[in-house]
Structures are given as C-alpha cells and as structure tokens.
Amino acid sequence: MVAASTAAVSDYASAPTRYLEIGGRKLSYRRVGTGKPLVLFNRFRGTLDTWDPLFIDSLTGEGFEVITFDYSGLGLSTGARSYDPPALVKDARELILGLGLKDVAIGGWSLGGIVAQIYLAMFGAEVTHVVLIGTTPPGQLVKPAEQLFYDAAAKPGVDLDQFTTVFFEPVDEGSRKASAQSFKRIFSRTKDRSPDVDAEWAIAQIGTAPRNPAFPVDDILLMLKHTAVPILHLGGDHDIIFPVENWYALNGQLPTLHLVTYPRAGHGPQHQYPVEAASQIAAFVRATPLS
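Shown next as structure tokens:
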C-alpha cells in the first residue's frame with residue numbers, strides 16, 4: 001500500500017492527488033482539511049474534479065477532513081470500471097480501511113447516494129452519520145425521473161448548457177448565474193485533473209430512459225426504517241433525475257431522516273448553495289450524535 005504525504009491541505013482546487021494501492025489497483029483520492037472525516041461518494045460520470053471546490057472548502061471550514069476519490073477504473077483510478085453499486089461500495093470500504101479512518105461520516109451524491117445507503121446497510125456500525133445529496137430512496141417511486149436527464153447526461157464532454165440543465169434550474173435566472181459560477185470554480189484547476197468518464201460507456205450502464213424503481217432493493221428500505229444512524233438528505237425542488245418528492249413520500253417511515261430542500265434548484269443543490277449546504281451538513285452532524 002502506497003500513499004502520498006498526508007499533510008493537511010485546505011484548498012481543494014490545488015490539493016494533490018494521492019493514491020492508495022490495494023487489491024491490485026490504485027485508487028486516486030484527495031484529502032483536505034482537518035477534523036471529523038467525511039468521505040464523499042461521487043455521482044454518475046463524477047470524478048475528483050466534478051466536485052465544486054467552494055463546497056469542499058466550505059466543509060473544511062466547518063471542521064471536516066474531506067476525502068474524495070475516483071471509483072476503480074474511472075478518473076485517475078486503475079482497475080476494472082463498473083457502476084455496479086456493490087463494486088463501488090468495495091472501493092469506498094477499502095479506501096476507508098486503507099486510510100485508517102475512524103469516527104467517519106459518509107456522504108453520497110446521486111449514484112453515490114445509492115452507494116452510501118448500501119454502505120450503511122453493510123457497515124452501519126462503523127458510520128456515525130450519512131449525508132445524501134440529490135439521490136433516490138429504494139423502492140417504488142411516486143415521481144420518476146425525466147427523460148431530459150438521460151438525453152443530457154449521454155452527451156460526451158461537458159459544457160455550461162449541459163451542466164446547467166442537469167444540475168441546476170435553467171428557468172430561474174439566479175440558478176443559471178449560480179451554475180456559471182460553479183462551472184468556473186470546477187474548471188479553475190488546470191493541472192492534475194481527473195479525466196472525464198466516457199459518456200457512451202457510462203450511459204450504457206444505466207440505460208437511456210427512466211426506470212421505476214431506480215433502486216430496487218427492498219432490504220435497504222427496510223434498513224432505513226430501522227437504522228439508528230442519523231441521515232440527512234439535501235435536495236433541489238426540481239431534480240430531473242431523482243425528484244425530492246420521493247423522500248417526502250416516506251414521511252413518518254424513516255425515523256432518523258432529516259430533509260432539506262433548496263428552492264429553485266436541481267440535481268446539484270450543494271453546488272448552487274455551497275456555503276449553505278456545508279453549514280447545514282455541519283449543523284446536522286453536531287446536533288445529531290449517534291446514540
């Protein structure tokens with residue numbers, strides 16, 4: 001197992017990429033800040049460089065050590081690429097163990113939120129808090145995804161229009177402005193960038209049209225109904241892939257779930273409201289110690 005220096009870094013846009021050699025592959029990761037470890041699991045087509053640096057830096061400012069990583073075979077990581085959730089859980093598990101993290105909170109955005117829920121089901125005794133962002137609960141949905149997401153997400157590369165359509169609320173001027181600012185921050189890093197995930201391969205893994213349920217694992221829903229681990233979901237009021245209405249439909253059934261919905265926002269609320277989202281996450285973790 002080989003890793004780079006573990007000296008604390010507070011600026012995500014310039015944080016060095018480190019590597020953990022484990023299981024015949026290298027997992028690329030970045031580690032910023034000091035404090036309580038928060039490991040973030042990424043979205044569909046996400047890499048180290050699709051997180052908004054202001055969101056990550058705001059989390060470190062709230063007293064977190066934030067660890068981000070590329071899934072096997074994607075970005076700067078080596079190994080077999082897959083979007084099969086158990087394979088992504090394996091990546092997260094081996095990274096957390098390999099870095100010797102304790103008292104850890106986990107967070108997952110979109111696909112990463114599905115991974116985080118499975119991780120909680122498998123290793124919940126070792127997790128203090130779960131932060132879900134723009135993701136879906138298990139089981140039948142009251143509101144499925146929009147075809148618009150699949151059409152936009154299948155486009156190769158990334159441009160501002162696509163970014164705004166997928167992650168923000170294009171009909172709102174304030175959201176469009178926030179999108180342009182976030183897009184600029186994300187691309188402020190010019191060296192040592194994690195390469196894009198191939199769009200053709202990626203869309204082939206999830207299909208080209210909405211599914212209901214999107215996450216058909218009934219035992220995970222049962223776990224959410226009985227877990228003692230505090231869970232926070234941050235969502236936008238118009239998420240075109242994982243509508244927040246599906247979480248509200250479970251009101252009264254999930255005893256540790258906290259729901260926060262941001263107005264005139266889409267699938268990336270933490271990029272539209274980076275400082276507020278980090279503050280909300282910090283307040284949630286401080287106020288809900290695991291009993």
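Start counting the sequence shown at 1; every next residue gets the next number (UniProt numbering). All C-beta atoms in this analysis are idealised placements derived from N, C-alpha and C, irrespective of residue type, glycine included.
Assigned exposure category for residue i - 16 Cβ within 10 Å defines buried
{"i": "Glu169", "result": "buried"}
{"i": "Ala278", "result": "buried"}
{"i": "Val142", "result": "exposed"}
{"i": "Gln147", "result": "exposed"}
{"i": "Thr190", "result": "exposed"}
{"i": "His226", "result": "exposed"}
{"i": "Val285", "result": "buried"}
{"i": "Ala80", "result": "exposed"}
{"i": "Pro289", "result": "exposed"}
{"i": "Pro216", "result": "exposed"}
{"i": "Asp91", "result": "buried"}
{"i": "Val2", "result": "Its pLDDT being 36, under 50, Val2 is placed unreliably in this model, and the coordinates cannot settle the point."}
{"i": "Thr68", "result": "buried"}
{"i": "Gly24", "result": "exposed"}
{"i": "Asp70", "result": "buried"}
{"i": "Ser14", "result": "exposed"}
{"i": "Arg31", "result": "buried"}
{"i": "Arg274", "result": "Here residue 274 is Pro; the residue named in the question, Arg, does not match the sequence. By the neighbour-count rule (16 or more Cβ atoms within 10 Å), Pro274 is buried."}
{"i": "Ala145", "result": "buried"}
{"i": "Ala4", "result": "Note that Ala4 scores 40 on pLDDT, short of 50, meaning its location in the model is unreliable and no value can be drawn from it."}
{"i": "Ala7", "result": "Here the model assigns Ala7 a pLDDT of 44, short of 50, so the residue's position is not dependable, and the following value carries that caveat. Exposed, because fewer than 16 other Cβ atoms sit within 10 Å of the Cβ of Ala7."}
CB contact flag (residue i, residue j, <8 angstroms)
{"i": "Ala116", "j": "Lys36", "result": "no"}
{"i": "Gly113", "j": "Thr128", "result": "no"}
{"i": "Ser72", "j": "Leu27", "result": "yes"}
{"i": "Leu48", "j": "Ser179", "result": "no"}
{"i": "Ala282", "j": "Gly63", "result": "yes"}
{"i": "Thr256", "j": "Val244", "result": "no"}
{"i": "Ile206", "j": "Ser110", "result": "no"}
{"i": "Pro138", "j": "Ile231", "result": "no"}
{"i": "Met122", "j": "Val89", "result": "yes"}
{"i": "Ala209", "j": "Tyr150", "result": "yes"}
{"i": "Thr165", "j": "Ala154", "result": "no"}
{"i": "Tyr29", "j": "Leu74", "result": "no"}
{"i": "His233", "j": "Trp247", "result": "yes"}
{"i": "Met223", "j": "Leu120", "result": "yes"}
{"i": "Pro53", "j": "Ser188", "result": "yes"}
{"i": "Pro85", "j": "Ile118", "result": "yes"}
Cβ distance (whole Å) where residue i is taken to contact residue j below 8 angstroms
{"i": "Phe167", "j": "Gly268", "result": "3 angstroms"}
{"i": "Asp237", "j": "Arg264", "result": "7 angstroms"}
{"i": "Val130", "j": "Val229", "result": "6 angstroms"}
{"i": "Gln270", "j": "Ile186", "result": "Wrong, their Cβ atoms sit about 12 angstroms apart, outside the cutoff."}
{"i": "Arg43", "j": "Thr50", "result": "7 angstroms"}
{"i": "Val197", "j": "Arg45", "result": "4 angstroms"}
{"i": "Gln140", "j": "Asn212", "result": "7 angstroms"}
Residue i - partner residues in DSSP beta bridges
{"i": "Phe69", "result": "Tyr29"}
{"i": "Thr261", "result": "Gly235"}
{"i": "Ala105", "result": "Leu38"}
{"i": "Tyr19", "result": "Ser28"}
{"i": "Val171", "result": "According to DSSP, Val171 bridges with nothing at all."}
{"i": "Ile133", "result": "Trp109 and Leu234"}
{"i": "Phe149", "result": "None; Phe149 has no bridge partner."}
{"i": "Phe64", "result": "Lys36"}
{"i": "Val127", "result": "Val104"}
Across the segment 248-263 and the segment 118-127, are there enough close Cβ pairs to call them in contact, namely three or more that are closer than 8 angstroms?
Contact between the segment 248-263 and the segment 118-127 is absent, because fewer than three Cβ pairs lie under 8 angstroms.
Are there three or more Cβ pairs, one per stretch, closer than 8 angstroms when the segment 90-110 is compared with the segment 34-48?
Output reads yes: the segment 34-48 touches the segment 90-110.
Below 8 angstroms, how does it come out for the segment 10-25 and the segment 94-103: are there three or more Cβ pairs, yes or no?
Yes, the segment 10-25 touches the segment 94-103.
Meets three-Cβ-pair contact criterion under 8 angstroms: the segment 56-63 and the segment 195-209
Fewer than three Cβ pairs drawn from the segment 56-63 and the segment 195-209 lie within less than 8 angstroms of each other, which leaves the two stretches out of contact.
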